[in-house]
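Input: a single structure, listed below in structure tokens.
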Amino acid sequence: MLYHSNSVAGYASRLLLQLTPDKIPENLTRVHLKVTLEGTVFEKLFEADPNITFTYTWNKRNVYKSKMYDVSIARVSVGYEYNSCSSIVWVTQTAPMHGFHMAISDVGGWNLDIHHMYNFEAGTSRLVARWTGILQRGDGSLLELVKAPRAMSVLAGSGAKRPFSCRHCEGVARDAQLLAPTALAAAPDGSIYVGDFNLIRRITPDGKIQTVLQLSATEVAYEYYMTVSPADGHLYVSDAENYRVIKVITVDVIDDIASNFEVVVGNSHRCIPDQFFSDPGDENRCGDGGPALSARLSHPKGLAISADQTMYIADGPNLRVVDPQGTIHTLIGHHGHKTRWRQLPCDGVVTASSVDLQWPTHLALSPLDGTLHLLDDHVLMQVTHDGRIVVRAGTPLHCPATSLPPVGSISGMAFSPLGSLYLAEQRANGDFAILELSSSDQLSVFSEPPSSHRNSSTHGSCHSLFSRILDQRLK
10 MLYHSNSVAG YASRLLLQLT PDKIPENLTR VHLKVTLEGT VFEKLFEADP NITFTYTWNK
70 RNVYKSKMYD VSIARVSVGY EYNSCSSIVW VTQTAPMHGF HMAISDVGGW NLDIHHMYNF
130 EAGTSRLVAR WTGILQRGDG SLLELVKAPR AMSVLAGSGA KRPFSCRHCE GVARDAQLLA
190 PTALAAAPDG SIYVGDFNLI RRITPDGKIQ TVLQLSATEV AYEYYMTVSP ADGHLYVSDA
250 ENYRVIKVIT VDVIDDIASN FEVVVGNSHR CIPDQFFSDP GDENRCGDGG PALSARLSHP
310 KGLAISADQT MYIADGPNLR VVDPQGTIHT LIGHHGHKTR WRQLPCDGVV TASSVDLQWP
370 THLALSPLDG TLHLLDDHVL MQVTHDGRIV VRAGTPLHCP ATSLPPVGSI SGMAFSPLGS
430 LYLAEQRANG DFAILELSSS DQLSVFSEPP SSHRNSSTHG SCHSLFSRIL DQRLK
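Quick note: to get our numbering, add 9 to the position in the sequence shown (first position is 1).
Here's what the structure looks like:
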């Protein structure tokens with residue numbers, strides 16, 4: 010028989026936090042700590058000192074004092090207050106914390122080492138359906154089933170190529186023919202939108218596929234990007250050929266798939282850099298400060314939409330934003346000729362107004378703090394709420410190698426509800442892999458082809474897995 014103190018009622022779950030490094034800036038005055046867990050909120054204030062550590066303890070109960078047997082997710086926010094800044098700089102991460110163990114033998118706290126218990130409560134997380142149960146062994150060890158080898162299955166496509174004009178392309182998604190899937194987006198209801206060359210198709214949660222929009226032959230000459238608004242659930246698509254962003258009107262009863270859209274940004278005229286306007290502060294160029302429908306776009310690519318309906322657009326070398334009132338602005342860059350390129354610094358933090366981007370493509374919003382993340386020339390950047398740019402992964406080409414994790418050719422990225430960022434990477438040998446960048450900037454391989462399937466012609470499997478990540482359907 011075995012006895013473990015961590016199984017008794019009074020044993021608390023602990024989280025060790027490192028709040029400051031060995032050296033801190035001279036103008037740092039205070040450090041704020043806020044931990045949110047199962048409805049409870051813990052806050053503490055520290056004077057600025059090097060090497061501040063703190064151990065957070067949890068009694069394994071929620072805000073209603075009920076016992077928690079799940080693996081709960083603690084949301085840890087650390088705020089740094091500087092005497093030279095008007096606002097606090099916050100950094101948010103998540104960490105798992107174990108709740109109570111289910112009783113196994115229950116003999117005065119003793120267990121038989123051969124008697125195990127399956128903790129089914131650990132598969133009912135209210136934050137994210139990631140935890141799929143824990144096996145509690147009698148010897149005190151735990152086996153988290155989520156850490157078992159991942160399985161990949163086909164979400165859509167029979168392996169046959171469909172014709173360009175496909176009038177009867179609806180039915181079971183796994184039996185459907187695809188032409189060239191290039192873009193993906195996930196909806197809150199579990200639907201997956203697939204940009205299949207000239208057709209945008211919806212895979213419903215019950216495994217059916219339907220066409221919701223048909224693009225013209227010229228509109229697919231350029232790569233397009235898609236996103237689903239968390240505010241209204243509509244699908245938005247960037248149309249670089251016509252210099253605009255469109256919204257799919259409906260996915261229910263569609264009269265004409267070729268006209269099932271409305272324009273939300275852009276007047277179909279191109280924004281051309283003017284040699285007489287090189288001032289980044291010129292707000293009248295290309296419609297800045299006016300209605301988004303009247304604005305001119307340069308080359309719309311990646312899209313991201315926040316919960317308050319703010320839309321971010323990677324437009325040519327610039328990053329533009331449309332506020333909830335429908336007014337467009339340029340967040341990074343300007344619309345004049347770039348006579349002098351303002352490069353990212355090789356270290357430190359820089360303001361968004363003092364740099365120029367190369368060619369930003371993919372955008373994503375963090376579910377932890379709502380900050381925008383963008384990919385530009387193999388560099389992953391975070392744009393904070395106070396207008397700072399922080400490099401999270403990759404190294405600018407003009408900089409020497411750094412300690413930041415490198416990223417290669419990225420064909421897609423998406424956040425998990427826990428704040429991890431998944432990157433679909435195409436490697437130099439042609440293989441695809443899914444990388445996971447944790448909220449603490451630790452980069453790891455989430456999934457990659459087995460050695461027997463590497464460097465094969467079936468590179469589309471990356472998109473299949475990526476869609477399952479977006480829809481949280483990993484087995």
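We treat Cβ as the ideally placed atom computed from N, Cα and C, and that holds for glycine.
CB contact flag (residue i, residue j, <8 Å)
i      : j      : result
Ala304 : Gly345 : no
Ser95  : Lys43  : no
Ser363 : Lys310 : no
Tyr65  : Leu24  : yes
Ala182 : Ile212 : yes
Leu26  : Phe51  : no
Ala240 : Asp317 : yes
Tyr78  : Asn36  : no
Ile33  : Pro59  : yes
Ile419 : His371 : yes
Ala301 : Ile337 : yes
Leu46  : Met106 : yes
Gly147 : His124 : yes
Gly403 : His387 : yes
Pro485 : Pro354 : The requested residue 485 is not part of the displayed model; the chain covers only 10 to 484.
Val273 : Ile258 : no
Through-space distance from residue j to residue i, alpha-carbon basis
i      : j      : result
Leu11  : Phe129 : 23 Å
Gly204 : Val100 : 35 Å
Arg210 : Val229 : 14 Å
Leu384 : Gly168 : 31 Å
Ala361 : Pro30  : 25 Å
Asp184 : Ala165 : 7 Å
Ile143 : Phe441 : 31 Å
His110 : Glu271 : 53 Å
Tyr245 : Ala195 : 11 Å
Asp356 : Leu374 : 23 Å
Leu446 : Leu430 : 5 Å
Gln451 : Lys76  : 32 Å
Gly485 : Thr380 : Beyond the ends of the chain as shown, which are 10 and 484, falls residue 485; an answer cannot be given.
Asp324 : Arg159 : 37 Å
Leu154 : Tyr202 : 29 Å
Ile398 : Asp365 : 11 Å
Ala21  : Trp67  : 5 Å
Pro197 : Ile341 : 29 Å
Arg279 : Lys156 : 49 Å
Cys471 : Arg436 : For Cys471, the pLDDT reaches just 42, beneath the cut-off of 50, and the residue's location in the model is therefore unreliable, leaving the point undetermined.
Leu188 : Glu250 : 20 Å
Leu54  : Arg39  : 7 Å
Tyr321 : Ser238 : 11 Å
Leu28  : Asp378 : 18 Å
Gly117 : Gly428 : 40 Å
Ser456 : Met161 : 9 Å
His308 : Thr393 : 24 Å
Where the beta strand (DSSP E) through residue i begins and ends
i      : result
Met111 : Element bounds for Met111: n/a, residue is neither H nor E.
His382 : Leu381 to Asp385
Ala433 : Leu430 to Gln435
Ser245 : Per the sequence shown, residue 245 should be read as Tyr rather than Ser. Counting along the chain, the beta strand (DSSP E) containing Tyr245 begins and ends at Leu244 to Asp248.
Leu37  : Leu37 to Leu46
Ala316 : Ala316 -> no beta strand (DSSP E), and no H or E assigned at all.
Ser453 : Leu452 to Ser456
Lys217 : Lys217 to Gln223
Gln391 : Val388 to Val392
His125 : Segment: none, His125 is in no beta strand (DSSP E) and carries neither H nor E.
Tyr202 : Ile201 to Asp205
Tyr65  : Thr62 to Trp67
Phe51  : Thr49 to Glu56
Val272 : Phe270 to Val274
Residue i, buried or exposed, once every other Cβ within 10 Å from all chains shown has been counted against 16
i      : result
Tyr73  : exposed
Arg294 : buried
Val80  : buried
Asn327 : buried
Gly180 : exposed
Asn438 : exposed
Pro172 : exposed
Ala138 : Bear in mind that the predicted position of Ala138 carries a pLDDT of just 44, short of 50, making it unreliable; the figure below should be weighed with that in mind. Classification of Ala138: exposed, given that the 10 Å Cβ count is below 16.
Leu406 : exposed
Arg176 : exposed
Glu56  : exposed
Ala433 : buried
Ile281 : exposed
Review point. Do three or more CB pairs link the region 265–274 to the region 214–223 at distances below 8 Å?
Key: yes
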